[in-house]
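Protein chains in written order, with the numbering used here: chain W, 1 to 198; chain F, 1001 to 1176.
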């Protein structure tokens, strides 16, 4: 038996895997997998930051479900090696899918473009996840909505939700700065209007 | 992990995105959308879009509008091919065994590289890409929801989140 295969078998018989399999709520399963996996990455010297839809999913407790987990990492090789060990199969250049757990991970081997000082931490049992700040997620969503128009309704609603949910703690000066830079001040103003009414 | 030599080429191009976008377009058999480039190369989609916008301004790539919201990009025959040639020659150079990395990172060589660097980071005018007809009608977009539906969803998120997590500054701890 090859080493990779042995490790996969070890993972499948581990208490963590059993716990993940038993979790019927996909939001919670993804959250616990993420916590466990980022801890393993950390042990292997890899920094990981949760960004994109799954980060919003976490902030909204699963109300705006995402199809995949977007992870910004500083070492693609180790990240992918670990995914492979945990039973994930490569779908294309960046997407990895574990059919058994029904979890998709997208590996983004880029520098984190948001402000690392503003990252939030989620502590789940003995694990910890670093997550992009709501301000950075809002800025990205509004930029994408305005210039990409891939799924403008969802992107706008996610921005409104984050603005409403974090109205007490959001750094508006920072968000305004991002919007000025991205030329999204108009859509940010609209999102704020909807958030105030929500 | 990328080799040190390759990292330097990326720096020369002003970051990994620019380097990867050029590489992707050089390999592509047909024009690609920004999204396709981003997703197949593990790049940030917004950064890829910005990069292609800059490349368009400098005539390195040629955008072609296909439908209302779809633009594909290909390398331009002049500047685009020249940029790729430049990239290939650098890759060849750094793959030579004789390259001295200490020398490569020396201030003298850095200065030499800087002198050769094609400046691509001048502020671009985003207004060129947002015409009044393209502006999103947000009220129309949001009218797809039943009145109060989004507010209810947000309120429900808030309740669910508070049930799951305890907040202490920037740290959220899962309740036992």
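A virtual CB, placed ideally from N, CA and C, is assigned to each residue, including glycine.
Taking the continuous alpha helix (DSSP H) assigned at residue i, which residues delimit it?
i: residue 1038(F); result: 1034–1041
i: residue 1172(F); result: Taken as a continuous stretch (DSSP letters only), residue 1172(F) belongs to no alpha helix (DSSP H), being part of the beta strand (DSSP E) at 1171–1174.
i: residue 142(W); result: 134–143
i: residue 37(W); result: 26–43
i: residue 64(W); result: Where residue 64(W) is concerned, there is no enclosing alpha helix (DSSP H), given that its DSSP letter is neither H nor E.
i: residue 1138(F); result: 1138–1142
i: residue 1018(F); result: 1016–1027
i: residue 1072(F); result: Unbroken run through residue 1072(F) is the beta strand (DSSP E), 1071–1075; no alpha helix (DSSP H).
i: residue 191(W); result: 185–197
i: residue 172(W); result: 172–182
i: residue 156(W); result: 152–165
i: residue 84(W); result: 76–85
i: residue 93(W); result: Segment: none, residue 93(W) is in no alpha helix (DSSP H) and carries neither H nor E.
Looking only at C-alpha atoms, which of the options sits nearest to residue i?
i: residue 72(W); options: 1044(F), 1149(F) and 1174(F); result: 1044(F)
i: residue 60(W); options: 182(W), 172(W), 48(W) and 160(W); result: 160(W)
i: residue 1017(F); options: 1030(F), 1052(F), 1026(F) and 1161(F); result: 1052(F)
i: residue 194(W); options: 1143(F), 1064(F) and 1075(F); result: 1143(F)
i: residue 1029(F); options: 1151(F), 1074(F) and 1150(F); result: 1074(F)
i: residue 51(W); options: 36(W), 97(W), 22(W) and 112(W); result: 112(W)
i: residue 21(W); options: 180(W), 98(W), 126(W) and 146(W); result: 98(W)
i: residue 1172(F); options: 84(W), 93(W), 83(W) and 122(W); result: 122(W)
i: residue 126(W); options: 1062(F), 1176(F) and 1050(F); result: 1176(F)
Measure the C-alpha to C-alpha separation of residue i and residue j and round it to an integer number of angstroms.
i: residue 1071(F); j: residue 1048(F); result: 13 Å
i: residue 188(W); j: residue 40(W); result: 37 Å
i: residue 199(W); j: residue 163(W); result: This structure cannot settle anything about residue 199(W), because the visible part of chain W is limited to 1 through 198.
i: residue 1023(F); j: residue 1084(F); result: 7 Å
i: residue 1038(F); j: residue 49(W); result: 18 Å
i: residue 1165(F); j: residue 38(W); result: 19 Å
i: residue 1146(F); j: residue 1153(F); result: 11 Å
i: residue 14(W); j: residue 191(W); result: 45 Å
i: residue 106(W); j: residue 1148(F); result: 34 Å
i: residue 80(W); j: residue 114(W); result: 23 Å
i: residue 1161(F); j: residue 70(W); result: 20 Å
i: residue 24(W); j: residue 101(W); result: 10 Å
i: residue 88(W); j: residue 47(W); result: 19 Å
i: residue 1035(F); j: residue 95(W); result: 14 Å
i: residue 1180(F); j: residue 140(W); result: With chain F covering 1001 to 1176 only, the question about residue 1180(F) has no answer from this structure.
i: residue 958(F); j: residue 1079(F); result: Outside the shown range of chain F, which is 1001 to 1176, sits residue 958(F), and nothing can be said about it.
i: residue 1128(F); j: residue 1057(F); result: Residue placement at residue 1128(F) cannot be trusted, given a pLDDT of 29 that sits under 50; the coordinates are not used to answer.
i: residue 1077(F); j: residue 77(W); result: 34 Å
i: residue 197(W); j: residue 134(W); result: 19 Å
i: residue 29(W); j: residue 43(W); result: 21 Å
i: residue 108(W); j: residue 1167(F); result: 28 Å
i: residue 1031(F); j: residue 1060(F); result: 13 Å
i: residue 1065(F); j: residue 152(W); result: 19 Å
i: residue 117(W); j: residue 1169(F); result: 13 Å
i: residue 17(W); j: residue 173(W); result: 43 Å
i: residue 1055(F); j: residue 1033(F); result: 14 Å
i: residue 36(W); j: residue 84(W); result: 15 Å
i: residue 180(W); j: residue 93(W); result: 33 Å
i: residue 1150(F); j: residue 1159(F); result: 14 Å
i: residue 184(W); j: residue 165(W); result: 20 Å
i: residue 9(W); j: residue 1163(F); result: 35 Å
Just to confirm before moving on: does the CB-CB distance between residue i and residue j stay below 8 Å?
i: residue 19(W); j: residue 32(W); result: yes
i: residue 63(W); j: residue 1157(F); result: yes
i: residue 1138(F); j: residue 156(W); result: yes
i: residue 119(W); j: residue 104(W); result: no
i: residue 175(W); j: residue 56(W); result: no
i: residue 1174(F); j: residue 26(W); result: no
i: residue 1020(F); j: residue 1041(F); result: yes
i: residue 143(W); j: residue 182(W); result: yes
i: residue 34(W); j: residue 170(W); result: no
i: residue 45(W); j: residue 66(W); result: no
Would you mind reading off the limits of the beta strand (DSSP E) that contains residue i?
i: residue 121(W); result: 120–124
i: residue 105(W); result: 103–108
i: residue 69(W); result: 69–73
i: residue 1062(F); result: 1061–1065
i: residue 127(W); result: 127–131
Compile a chain-ordered list of the residues in the segment 46–70 of chain W whose CB is closer than 8 Å to at least one CB of chain F.
59, 60, 61, 62, 63 and 64
Residues in the segment 163–179 of chain W with C-beta within 8 Å of chain F's C-beta atoms, listed in sequence order?
164 and 165
Taking a cut of 8 Å between CB atoms, which residues from the segment 1038–1063 of chain F lie near chain W?
1039, 1040, 1041, 1042, 1043, 1044, 1045, 1046, 1047 and 1049
Under 7 Å (Cβ pairs) to chain F, residues found in the segment 102–118 of chain W
107, 108, 109, 110 and 113
Members of the segment 1136–1149 of chain F near chain W, C-beta cut-off 9 Å:
1136, 1138, 1139, 1141, 1142, 1144 and 1145
Taking beta-carbon pairs under 8 Å, can you tell me which members of the segment 137–153 of chain W lie near chain F?
140, 143, 144, 145, 146, 147, 148, 149, 150, 152 and 153
Output needed in chain order: residues of the segment 117–132 of chain W with a Cβ under 8 Å from some Cβ in chain F.
118, 119, 120, 121, 122, 123, 124 and 125
Check distances from the C-beta atoms of the segment 1020–1033 of chain F to those of chain W and list, in chain order, the residues that come in under 8 Å.
none
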